[in-house]
Amino acid sequence: MACHNMTAIRKVGPGLQGIVGRKAGQMADMKYSSSLSSADWSWDEKNLALWLCDSKAAIVTLTGNPSASTKMPAQRVCDGSAQADLIAYLRTVK
């Protein structure tokens, strides 16, 4: 993967180890957008599914702020089955 590791070590984006259930925008040594660094929500299945489909729209929905932003480009994984498979895999990365 170009931007994320499947470990706790960051690349351009945060490491994905333990992502399911983790509070958004809180991984040490990351330069998050202000929208993510002040997030009061966690990466549960619903929020991950929103993010996988369209991170730009998801950050607005999850923060309730129409001007919220993220550096992550939209991945366009909008198929429910594909999302479920990815999230199931992410649950195993501990």
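All residue numbers for the sequence shown refer to full-length UniProt numbering, where the first residue is 1 and numbers rise by one.
Using N, Cα and C, we set each Cβ at its ideal position, and we do this for glycine too.
For the putative contact between residue i and residue j, defined by C-beta atoms under 8 Å, what is the C-beta separation to the nearest angstrom?
i, j, result
"Lys71", "Ser33", "6 Å"
"Ile59", "Ala49", "Not quite, the Cβ-Cβ distance comes to about 14 Å (not below 8 Å), so this is no contact."
"Val93", "Leu16", "6 Å"
Exposed or buried, residue i, counting other C-beta atoms within 10 Å across all chains shown (16 or more means buried)?
i, result
"Thr63", "buried"
"Trp41", "exposed"
"Ile9", "exposed"
"Pro14", "buried"
Cα-Cα, which of the options is closest to residue i?
i, options, result
"Ala82", "Glu45, Pro66, Ser67", "Glu45"
Using DSSP's beta-bridge definition, name the partner residues of residue i.
i, result
"Lys23", "Ser42"
State the DSSP-derived secondary structure class of residue i, mapped to helix, strand or coil.
i, result
"Ile9", "coil"
"Ala57", "helix"
"Thr70", "coil"
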